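Just so we're aligned: 56 in the UniProt record's numbering is position 56 of the sequence shown, and the numbers increase by one with no gaps anywhere.
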Amino acid sequence: MRNRNLETLLFIASYNAHTGVVKTLLEHGAETTLHVLNSHNISPLWAASFNGSSEIVKELLCHWAGKTITTAGLGGGTPLHAATTENHAEVLKLLLEVPAVPVNQKTTYRFTALFIASRNGYHDMVELLLSADSIDIDSESWLGLSPLFTAVANGHLEVAKLLLSREPIYNPGKPSSVPPVARAVLYLVHSPIWSLYLATRRL
1 MRNRNLETLL FIASYNAHTG VVKTLLEHGA ETTLHVLNSH NISPLWAASF NGSSEIVKEL
61 LCHWAGKTIT TAGLGGGTPL HAATTENHAE VLKLLLEVPA VPVNQKTTYR FTALFIASRN
121 GYHDMVELLL SADSIDIDSE SWLGLSPLFT AVANGHLEVA KLLLSREPIY NPGKPSSVPP
181 VARAVLYLVH SPIWSLYLAT RRL
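Here it is in C-alpha cells:
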C-alpha cells in the first residue's frame with residue numbers, strides 16, 4: 001500500500017517518528033528492504049535517520065533495513081549523510097555499527113559524511129566518524145576540498161584541531177589540490193586556523 005508519492009505505511013510512520021506504529025507494522029511483517037523507496041528514492045531508514053529517531057532506526061536495523069544503508073536519495077545522500085547533516089549523534093552511532101557501513105560514500109557533490117560534519121562544525125559527529133576504521137580523511141569534494149579545508153574555511157577551530165590530530169604530516173611530493181587563490185582567501189578570513197594548519201604541515 002502506497003500513496004501518490006510512493007510512500008509506504010512504514011515510511012510515513014518512520015518519517016513522522018511514530019515509534020509505536022513502526023514497531024506494530026514491523027511485527028506484522030512490513031517490508032524494510034524491497035519496494036520501500038518513495039518517489040525521491042528515500043527509504044524509511046533514511047527518513048528516521050534524518051529526523052533523529054534513534055529508536056526507530058534501531059528497530060529498522062533489527063529488521064534488515066541495514067540493506068538500504070547505501071541507497072542514495074535525492075542529491076545522493078544516504079542515511080549516514082542524513083543523520084550527519086542534522087547532527088543526530090545517537091543515530092550516527094547506530095549506523096556506524098552496521099557491518100561494512102560505507103562511511104566514505106559521496107553525495108552528488110562528492111560530500112562524505114565527514115566533510116558535512118566538518119563543514120558544519122559538528123565536533124562530536126566528526127569524532128564519531130573518525131572512529132571508523134575505513135574513514136578517508138582526505139576525501140575531496142567536487143571543488144577539491146577536504147574535510148580539513150572546509151573546517152578551516154568555516155572557522156571551526158576545534159574541528160580543525162581534531163582533524164589535524166588525525167591527518168598525516170604534509171607531503172611536499174603531493175601538492176594540495178586547493179588553488180593558491182583559495183589558500184589566500186582562507187588565510188585572510190581565518191588566519192589563526194590557517195596558521196595552525198601551516199605549522200602542522202611545515203609549509
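For each residue, glycine too, the CB sits at the ideal point set by N, CA and C.
In this text, all values refer to a predicted model and were calculated from it rather than measured experimentally.
Measure how close the beta-carbons of residue i and residue j come, nearest whole angstrom, since I'm counting them as under 8 Å.
i          : j           : result
residue 91 : residue 132 : Residue 91 to residue 132, Cβ: 15 Å. No contact.
residue 26 : residue 59  : 6 Å
residue 40 : residue 9   : In fact, because the Cβ distance is near 17 Å, the residues do not count as touching under 8 Å.
residue 98 : residue 145 : Contact doesn't hold; Cβ gap of about 27 Å is too wide.
For residue i, list the residues DSSP reports as bridge partners.
i         : result
residue 2 : 8
By Cβ distance, which residues of its chain are closer than 7 Å to residue i, with the 5 residues on each side in sequence left out?
i           : result
residue 154 : 119, 121
residue 147 : 114, 115, 118, 137, 163
residue 11  : 36, 38, 44, 47
residue 13  : 21, 22, 25
residue 89  : 124, 125, 128
residue 67  : 33
Which residue's Cα is closest to the Cα of residue i: the options?
i           : options          : result
residue 80  : 115, 59, 62, 63  : 115
residue 93  : 140, 152, 49, 39 : 49
residue 85  : 124, 61, 98      : 124
residue 127 : 145, 7, 161      : 161
residue 19  : 42, 3, 51        : 51
residue 42  : 61, 4, 78        : 78
Output the distance between the C-alpha atoms of residue i and residue j, rounded to the nearest integer angstrom.
i           : j           : result
residue 96  : residue 70  : 12 Å
residue 64  : residue 149 : 37 Å
residue 101 : residue 24  : 27 Å
residue 56  : residue 17  : 7 Å
residue 129 : residue 111 : 14 Å
residue 53  : residue 83  : 10 Å
residue 72  : residue 165 : 31 Å
residue 134 : residue 142 : 21 Å
residue 1   : residue 139 : 40 Å
residue 4   : residue 87  : 30 Å
If I measure Cβ to Cβ from residue i and keep anything under 6 Å in the same chain, skipping five residues before and after, which residues do I get?
i           : result
residue 108 : 75, 76
residue 106 : 112
residue 29  : none
residue 15  : 47
Quick one: what's got a C-beta closer than 8 Å to residue i's C-beta in the same chain, skipping five residues either side?
i          : result
residue 6  : 37, 38, 39
residue 31 : 8, 10
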